[in-house]
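**Q** Pasting a structure below so you can have a look.
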Amino acid sequence: MRTKKHSSKAPITMLFLSLIILITIFIFYYRNKHDNTAADDSLSMSVDNTIETFSVDPDYIKSADNEYSIKNSDDNSYPDSYELSIPYVSQYPQLPTGCEITSLTEVLHYLGYYIDKEELARNYLAMKDVATKGCFVEYFLGSPWLTTGSGCFAPAIANAANAFFKANNSKYSAYIMSYQPPEMLYAQLAKGHPVIVWTSFNYDVTEIKYNEVTLDDGTVFTWPRNEHCVALAGYDVNERTVTLADPAYGIVKRDMDKFEDYYKRFYYQAVVIE
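In terms of numbering that gives the first Met the number 0, the sequence shown has 102 at position 103, counting the first letter as 1, and numbering is strictly consecutive.
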């Protein structure tokens, strides 16, 4: 009796067809994504190619809304060390330039609101593709989903936080702490108030460079390179260290003197939630 031989060509043919389909899908996705991000890429290049400077005038990085009011009766003393169990949430891979909104996500998780960072960015973060009035201050320039995104400062994150709190009938409020001394950050943390702080992405940088970005109304904004945002999770005065819930690096300890220096050079930007 002759045994019927099965052809080995059919599985090979099916595999070949599957590979062709996968390659076709990949090409379609890549082209579609490239088309959708072309405007953001050109915008980011214009920011990167602006005039570089070492002189800054940060006095206008303020907002009329949600400014934190410090009362004379407030007790701004703080113990030698304090820590909050703020969790680490990675900004990667989804939000490569979304450290600011991811830091807010970390704080919200600490407060018991387990919202996804992308949902928070999509629904509550003001974003624009054009450098208009309010650029970097009231809204995020570009897209946090792209490596070419730029960033934003305290007012934009405070606005996002308050929009979230309002939508969820929360008892919490976010306030901007503009140009307060570093000691105020520790005092707020010691009261149990989470604090989001602007600092440097690279702690080995000794000289901060700035880019002069001309807005559509003719005003010039100096945007600092290496801008980064973290949640302050703790401090130790005796050890001269701070603990950060850093969306890029995890839960890390940093030198307190460097932290305070970067805080000042990145325009004294912070958001407190209470």
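Every residue, glycine too, gets a C-beta built ideally from N, C-alpha and C.
Go ahead and pull the three-state DSSP assignment for MET176.
**A** As a position in the sequence shown, residue 176 is number 177, starting the count at 1. Here MET176 sits in coil by DSSP.
**Q** Following the continuous alpha helix (DSSP H) through PRO154, name the residue where it begins and the one where it ends.
**A** Stepping through the sequence shown from its first residue, residue 154 is reached at position 155. Start and end: 153 to 166.
**Q** Answer with buried or exposed for LYS116, where buried requires no fewer than 16 other C-beta atoms within 10 angstroms of its C-beta.
**A** To locate residue 116, count along the sequence shown from 1; it is residue 117. Its Cβ being crowded by 16 or more others within 10 Å, LYS116 is buried.
**Q** Given 8 Å as the limit, is there contact between the region 227 to 237 and the region 79 to 86, that is, 3 or more CB pairs closer than that?
**A** Contact holds: three or more Cβ-Cβ distances are below 8 Å.
**Q** With a CB to CB cut of under 6 Å and the five nearest residues on each side skipped, what residues in its chain are close to VAL219?
**A** Working through the sequence shown from its first residue, we reach residue 219 at position 220. Hits under 6 Å: GLU211 and THR213.
**Q** Thinking C-beta only, is PRO154 closer than 8 Å to VAL129?
**A** Against the sequence shown, residue 129 aligns to sequence position 130. Against the sequence shown, residue 154 aligns to sequence position 155. No, Cβ-Cβ distance for VAL129 and PRO154 is not below 8 Å.
**Q** Rounded to whole angstroms, what's the CA-CA distance from LYS252 to ALA244? Just pull it up for me.
**A** Taking the first residue of the sequence shown as position 1, residue 252 is located at position 253. Taking the first residue of the sequence shown as position 1, residue 244 is located at position 245. C-alpha separation (whole angstroms): 9 Å.
**Q** How far does the beta strand (DSSP E) with LEU231 in it extend, from its first residue to its last?
**A** As a position in the sequence shown, residue 231 is number 232, starting the count at 1. First-last of the beta strand (DSSP E) with LEU231: 226 to 235.
**Q** Could you have a look at GLU117 and say whether DSSP puts it in helix, strand or coil?
**A** Translated into positions along the sequence shown, residue 117 becomes position 118. Here GLU117 sits in helix by DSSP.
**Q** Applying the criterion that 16 or more other CB atoms from any shown protein chain within 10 Å of the CB defines a buried residue, is ALA269 buried or exposed?
**A** Here residue 269 refers to the residue found at position 270 of the sequence shown. Classification for ALA269: buried.
**Q** Determine, using beta carbons only, whether VAL241 and ASN225 come nearer to each other than 8 Å.
**A** Start at 1 with the first residue of the sequence shown, and residue 241 comes out as number 242. Start at 1 with the first residue of the sequence shown, and residue 225 comes out as number 226. Cβ distance not < 8 Å, so VAL241 and ASN225 don't count as in contact.
**Q** Where does ASP216 fall in DSSP's three states?
**A** Residue 216 sits at position 217 when you count from the first residue of the sequence shown. Looking at ASP216 - three-state DSSP - the assignment turns out to be coil, as it is neither helix nor strand.
**Q** Taking only the alpha-carbon atoms, compute the straight-line gap between ASN168 and LEU110 and give it to the nearest angstrom.
**A** Counted from its first residue, the sequence shown places residue 168 at position 169. Counted from its first residue, the sequence shown places residue 110 at position 111. Cα to Cα, the separation comes out at about 14 Å.
**Q** On the DSSP letters alone, give me the boundaries of the alpha helix (DSSP H) that ILE250 sits inside.
**A** Start at 1 with the first residue of the sequence shown, and residue 250 comes out as number 251. Premise fails: ILE250 lies in the beta strand (DSSP E), 249 to 254, not in any alpha helix (DSSP H).
**Q** Would you kindly work out how many angstroms separate the C-alpha atoms of ILE156 and GLU99, rounded to a whole number?
**A** What you label residue 156 is simply residue 157 of the sequence shown in a count that begins at 1. What you label residue 99 is simply residue 100 of the sequence shown in a count that begins at 1. Computed Cα separation, rounded: 7 Å.
**Q** Helix, strand or coil: how does DSSP classify ALA269 here?
**A** On the sequence shown, position 270 is the one that residue 269 refers to. DSSP places ALA269 in strand when its eight states are reduced to three.
**Q** Can you name, in chain order, every residue of its own chain whose Cβ lies under 7 Å from the Cβ of LEU184, other than the five neighbours on each side?
**A** The sequence position of residue 184 within the sequence shown is 185, counting from 1. Counting only Cβ-Cβ distances below 7 Å, and skipping sequence neighbours, we find VAL194, VAL196, LEU231 and ALA269.
**Q** Pull up the DSSP beta-bridge partners for MET126, would you.
**A** As a position in the sequence shown, residue 126 is number 127, starting the count at 1. MET126 is bridged to PHE139.
**Q** Would you mind sorting TYR113 into buried or exposed? The rule is 16 or more other CB atoms within 10 Å of its CB.
**A** By one-based count along the sequence shown, residue 113 stands at place 114. Exposed.
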